[in-house]
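Shown next, in structure tokens, is the structure this report addresses.
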Amino acid sequence: MNNQEKEVVFLSDQSYYPLHDLIRSTALDDRQKCIELYRLSSFESVDINEQDSEQRTILHVIIIEKRLQLLQCILQNGADILKRDCKGLTAYDYAKNLSSYDRSIALQTMALYFPSYWMAIANHDIGAIRKLVNAWCRLDQLIENKTLLTYAKEKEFHTCLDLLTKIKPTLDMAFAIMGHDAANGATLRYYIMQANNLELIKIVLNDKCNNLNELMWDDDGNELPVYFTMFSSSRLSDEVILRLTPKWKEAPYSGDLSSLRYRGLSFLWFAIQNNVNFNLLKILLSSDYCQNELLSNRNKNNKTIRDWAIDEQNGELLAFIDGIIKDYVINNRTFRNSLIYNGYQINYILEELLQSNEKFTNESYSFQEYIDAVRIYTNQISQLHRCVDNNCSLDLLKQCLFVENSFDLPNNLILSREIGNYQTIIHKLVLQQNYPLLEYLFEHYSHIIGKFDMIRDHCNRTPYHYACGLLFNDIQKLLSQFGASDFVTDKDGKSPLDFEVRRTSPEVQQLLLSQLENSPEPNPWTDDVWYRLQTETRINNLRKLSYYSLCDWNQNHSELIGFKFMPACKWLTTTLRELSISSSHSDESECSICCSSSLSEIEYALIENEEDTDSDLNRQERRLKRKRSQWCSLS
Numbered sequence: 127m128n129n130q131e132k133e134v135v136f137l138s139d140q141s142y143y144p145l146h147d148l149i150r151s152t153a154l155d156d157r158q159k160c161i162e163l164y165r166l167s168s169f170e171s172v173d174i175n176e177q178d179s180e181q182r183t184i185l186h187v188i189i190i191e192k193r194l195q196l197l198q199c200i201l202q203n204g205a206d207i208l209k210r211d212c213k214g215l216t217a218y219d220y221a222k223n224l225s226s227y228d229r230s231i232a233l234q235t236m237a238l239y240f241p242s243y244w245m246a247i248a249n250h251d252i253g254a255i256r257k258l259v260n261a262w263c264r265l266d267q268l269i270e271n272k273t274l275l276t277y278a279k280e281k282e283f284h285t286c287l288d289l290l291t292k293i294k295p296t297l298d299m300a301f302a303i304m305g306h307d308a309a310n311g312a313t314l315r316y317y318i319m320q321a322n323n324l325e326l327i328k329i330v331l332n333d334k335c336n337n338l339n340e341l342m343w344d345d346d347g348n349e350l351p352v353y354f355t356m357f358s359s360s361r362l363s364d365e366v367i368l369r370l371t372p373k374w375k376e377a378p379y380s381g382d383l384s385s386l387r388y389r390g391l392s393f394l395w396f397a398i399q400n401n402v403n404f405n406l407l408k409i410l411l412s413s414d415y416c417q418n419e420l421l422s423n424r425n426k427n428n429k430t431i432r433d434w435a436i437d438e439q440n441g442e443l444l445a446f447i448d449g450i451i452k453d454y455v456i457n458n459r460t461f462r463n464s465l466i467y468n469g470y471q472i473n474y475i476l477e478e479l480l481q482s483n484e485k486f487t488n489e490s491y492s493f494q495e496y497i498d499a500v501r502i503y504t505n506q507i508s509q510l511h512r513c514v515d516n517n518c519s520l521d522l523l524k525q526c527l528f529v530e531n532s533f534d535l536p537n538n539l540i541l542s543r544e545i546g547n548y549q550t551i552i553h554k555l556v557l558q559q560n561y562p563l564l565e566y567l568f569e570h571y572s573h574i575i576g577k578f579d580m581i582r583d584h585c586n587r588t589p590y591h592y593a594c595g596l597l598f599n600d601i602q603k604l605l606s607q608f609g610a611s612d613f614v615t616d617k618d619g620k621s622p623l624d625f626e627v628r629r630t631s632p633e634v635q636q637l638l639l640s641q642l643e644n645s646p647e648p649n650p651w652t653d654d655v656w657y658r659l660q661t662e663t664r665i666n667n668l669r670k671l672s673y674y675s676l677c678d679w680n681q682n683h684s685e686l687i688g689f690k691f692m693p694a695c696k697w698l699t700t701t702l703r704e705l706s707i708s709s710s711h712s713d714e715s716e717c718s719i720c721c722s723s724s725l726s727e728i729e730y731a732l733i734e735n736e737e738d739t740d741s742d743l744n745r746q747e748r749r750l751k752r753k754r755s756q757w758c759s760l761s
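Residue numbers (this note's numbering): 127 to 761.
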């Protein structure tokens, strides 16, 4: 047997003790280990008193290996000080044999957590109970499947039972918070959700503070709705999720699910990607929780969730989506009409329901009448979008903006979407730079357009994103006057401000063009593009500096032309010309580095030459004054 085979056999014989391995890990620092200990103990139901092959708990390990920074954390999580190893020794016994300094720290810390809750309850010692509570010692401990509350009830220790019942929600919340790093702007709701404790949720979160609009950040710095973090965790029960989801009609200031976005993904997309079960999802997609339907929303590839299910050959998801659409069509007039208004193809569902002799709920018209009306309505939407695509006149636009129908379909088509294209006419007019038509729409129909930041295309961009990418800022100013925000983000986590600072790059201009042509868009967000733009900006600033400096010098020192400043300006002009040529080099990253170093040299040399020139000019001026005074005296 070779050495490699021996190593494999050896590893396979080792038992896995997650807490012991965590304590000895070199990949985490002590703070990270504490966070992980709180998390495992709170959310993963790991036994803090688990014993290894030598019957040692992690409390034994940290005492023996002198990892005393973790001692308080382990004791707070319920470690048993009197647990014995294979030698019959407790962690307390090992602590007494440490050096004087370490022994003092270990014994003083252990004294705060001794006796345990169990011993204190058995002895009816309420003082010891209060001491442990004040030391933040966790309550959800089990011995022989008994909880502390059950044990206190058995012992008829009613004072203790009352105290522990009242303090438990506070301690649960504290351990939920300590089990996570408080970075990324995580809120109280986030920690309570991760604790998966329904009783704690009921006590701490009432309807008045149950707000869906709370945000934190992901690891890349993108805004992440705190609510979405529930679906990236498999621990949360459906009951907890429903308790944390307010009904928008009952709590209108709490927001609704249909308004939440993360990197361009709606709640529906995010839930599907995180495998939320369909029964729960059906409830959350109802009009009780969503103010608007979400099935028509498209991803960055211009695909609806149904298109994606077909591409992935996911028959179960496809059947679920069709079931939701049927429910909307039969029972929900608002969502049914919204699907059509947003360019979602539901004719196949209408025809299927017509064949099965289904009837609308609380509607006087038949399916056939509605199908005929929908056909006319979608043609009117297509006509409006074709007019805009062909740069129509204002008079023609006015004729197409409003329609008449008797089926409660929206009469105004300003925010309508054509089948297969999720852009509104406002997006298209911005991309076409059609200022007159945009000005007319905003001056006359701003009440219909409503909250501007909610008008998104398949890339989750508002029209203002594209306006900030245009080289001329007239449209940007117009949209800004009507409430467009600089800080909403698209599928890439980019705001209108990001478009504005890169508007001079060919990549942003190509991106705008690709939206008009429905072609793949380039990526203007790379570091190479940013370095190139910064280099070009500095070159232009230096050109202006050299030009204005020379002009000012010529005006004030016309007698001294060619003395010393002219060679510096000539050298600067030559160098700038060379940099301009190098900026078009194929290797952009190498060019950026070269340009940056060269520009720094130019700036330094320019300042140095200006200082030298000032001193030389003063000297020459004094010489000229002396010569003038001599000529005057001679004359």
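For each residue, glycine too, the CB sits at the ideal point set by N, CA and C.
Spatial neighbours of HIS186 in its chain, beta-carbon cut-off 6 Å, leaving aside the 5 residues before and after: The count along the sequence shown starts at 1 and reaches residue 186 at position 60. Within the same chain, HIS186 has close Cβ partners ASP211, ALA217.
Distance between beta carbons of PHE396 and LEU383, contact taken as under 8 Å: As a position in the sequence shown, residue 383 is number 257, starting the count at 1. As a position in the sequence shown, residue 396 is number 270, starting the count at 1. At roughly 10 Å, the Cβ-Cβ gap does not stay under 8 Å, so LEU383 and PHE396 are not in contact.
CB of ASP219 to nearest heavy atom of the ligand GDP: below 7 Å? Among the components of this structure there are no ligands whatsoever, and the ligand GDP is therefore not found.
What three-state label does DSSP hand PRO795 in the structure shown? This structure gives no information on residue 795, because the portion of the chain shown stretches from 127 to 761.
Let me know the alpha helix (DSSP H) ranges lying completely inside the stretch 469-495, each 4 residues or longer, listed in chain order. 473-481
Contact between the stretch 633-648 and the stretch 455-468 is defined here as three or more beta-carbon pairs at a separation below 8 Å; is this criterion met? no
For the pair the stretch 606-625 and the stretch 579-597, tell me if three or more CB-CB distances fall below 8 Å. yes
Cutoff 8 Å; reference ILE552; Cβ partners in own chain excluding five residues on either side: As a working mapping, residue 552 is identified with position 426 in the sequence shown. ILE540, LEU541, LEU564, LEU567, ILE575, ILE581, PRO589.
Return the bridge partner residues of ASP392 from the DSSP annotation. Walking along the sequence shown from the start, residue 392 turns up at place 266. The question names Asp, but residue 392 is Ser in the sequence shown. Paired residue(s): ARG387.
Can at least three beta-carbon pairs, one atom from the stretch 156-176 and one from the stretch 200-207, be found at a separation below 8 Å? yes
Buried or exposed for SER464, please, with buried defined as at least 16 other CB atoms from any protein chain shown within 10 angstroms of its CB. As a position in the sequence shown, residue 464 is number 338, starting the count at 1. When all chains shown are included, SER464 counts as buried.
Sequence-distant residues of its chain with Cβ nearer than 7 Å to ILE507 (five each side left out): Indexing the sequence shown from 1 puts residue 507 at position 381. Hits under 7 Å: LEU539, SER542, GLU544.
Answer yes if the stretch 230-238 comes into contact with the stretch 271-290, meaning at least three C-beta pairs across the two stretches below 8 Å, and no otherwise. no
Output the distance between the C-alpha atoms of THR630 and GLN636, rounded to the nearest integer angstrom. Within the sequence shown, residue 630 is the residue found at index 504, counting from 1. Within the sequence shown, residue 636 is the residue found at index 510, counting from 1. Roughly 11 Å separates the two Cα atoms.
If you follow the alpha helix (DSSP H) that GLU626 is part of, which residue opens it and which one closes it? The count along the sequence shown starts at 1 and reaches residue 626 at position 500. Start and end: 622-627.
Please report the Cβ distance between LEU368 and VAL352, rounded to the nearest whole angstrom; I am assuming they are in contact, meaning their Cβ atoms lie under 8 Å. Within the sequence shown, numbered from 1, the residue matching residue 368 stands at position 242. Within the sequence shown, numbered from 1, the residue matching residue 352 stands at position 226. The pair is not a contact, with the Cβ atoms about 16 Å apart (cut-off 8 Å).
Euclidean distance between Cα positions of THR183 and LEU148: The sequence position of residue 183 within the sequence shown is 57, counting from 1. The sequence position of residue 148 within the sequence shown is 22, counting from 1. Those two C-alpha atoms are separated by around 12 Å.
Which partner residues of PRO351 appear in the DSSP bridge assignment? To locate residue 351, count along the sequence shown from 1; it is residue 225. Beta-bridge pairing links PRO351 to LEU341.
Buried or exposed by the 16-neighbour rule on C-beta atoms within 10 Å, applied to HIS511: Start at 1 with the first residue of the sequence shown, and residue 511 comes out as number 385. It counts as buried.
Cutoff 7 Å; reference LEU406; Cβ partners in own chain excluding five residues on either side: Counted from its first residue, the sequence shown places residue 406 at position 280. Hits under 7 Å: ASP364, ILE367.
For the stretch 252-277, which segments carrying the alpha helix (DSSP H) assignment without a break, of at least 4 residues, lie completely within its bounds, in sequence order? 252-260
Cβ-based burial, LYS159 [other Cβ within 10 Å; buried from 16]: As a working mapping, residue 159 is identified with position 33 in the sequence shown. That one is buried.
Please state whether the Cβ-Cβ distance between ASP448 and ILE475 is less than 8 Å. Against the sequence shown, residue 448 aligns to sequence position 322. Against the sequence shown, residue 475 aligns to sequence position 349. The answer is yes: Cβ separation under 8 Å.
ASN400 bridges to which residues according to DSSP? Looking up residue 400 in the sequence shown gives position 274. According to DSSP, ASN400 bridges with nothing at all.
Tell me, to the nearest whole angstrom, how far the beta carbon of HIS772 is from that of LYS426; I am working on the premise that it is less than 8 Å. There is simply no residue 772 to check, as the chain begins at 127 and stops at 761 in what is shown.
Measure the alpha-carbon distance for SER640 versus ALA499 and round it to whole angstroms. Along the sequence shown, read from residue 1 onward, the residue named residue 640 stands at position 514. Along the sequence shown, read from residue 1 onward, the residue named residue 499 stands at position 373. Each residue's Cα considered, the two are about 34 Å apart.
Measure the CB-CB distance between LEU268 and ILE247 and report whether it falls below 8 Å. Reading the sequence shown from its first residue, position 142 is the one you call residue 268. Reading the sequence shown from its first residue, position 121 is the one you call residue 247. No. Outside cutoff.
In the DSSP assignment, find the alpha helix (DSSP H) that holds GLY595 and state where it starts and stops. The residue given as residue 595 occupies position 469 in the sequence shown. Residues 589-595.
For the putative contact between LEU411 and ILE450, defined by C-beta atoms under 8 Å, what is the C-beta separation to the nearest angstrom? For the purposes of this step, residue 411 is taken as the residue at position 285 of the sequence shown. For the purposes of this step, residue 450 is taken as the residue at position 324 of the sequence shown. Going by Cβ atoms, the distance from LEU411 to ILE450 rounds to 6 Å, so yes, they are a contact pair.
Where does ASP616 land, buried or exposed, given buried means 16+ other C-beta within 10 angstroms? For the purposes of this step, residue 616 is taken as the residue at position 490 of the sequence shown. Label assigned to ASP616: buried.
Out of PRO632, PHE578, PHE598, state which residue places its alpha-carbon closest to the alpha-carbon of PHE608. Residue 608 sits at position 482 when you count from the first residue of the sequence shown. Selected option, being the one with the closest Cα: PHE578.
Do the CB positions of LYS452 and VAL514 come within less than 8 Å of each other? Residue 452 sits at position 326 when you count from the first residue of the sequence shown. Residue 514 sits at position 388 when you count from the first residue of the sequence shown. The answer is no: Cβ separation not under 8 Å.
Below 8 Å between beta carbons: does that hold for GLN558 and ASN517? Working through the sequence shown from its first residue, we reach residue 558 at position 432. Working through the sequence shown from its first residue, we reach residue 517 at position 391. Yes, they are a contact pair.
Report the residue from TRP374, PHE446, CYS263 whose alpha carbon sits nearest the alpha carbon of SER105. The structure shown has nothing for residue 105, since the chain only spans 127 to 761.
Since PHE528 sits in a beta bridge, which residues does DSSP pair it with? Taking the first residue of the sequence shown as 1, we reach residue 528 at position 402. BP columns for PHE528 point to ASN538.
Please look up how many angstroms separate the CB atoms of ILE466 and LEU480, rounded, as I've assumed it's under 8 Å. To locate residue 466, count along the sequence shown from 1; it is residue 340. To locate residue 480, count along the sequence shown from 1; it is residue 354. The Cβ separation is near 16 Å, so there is no contact.
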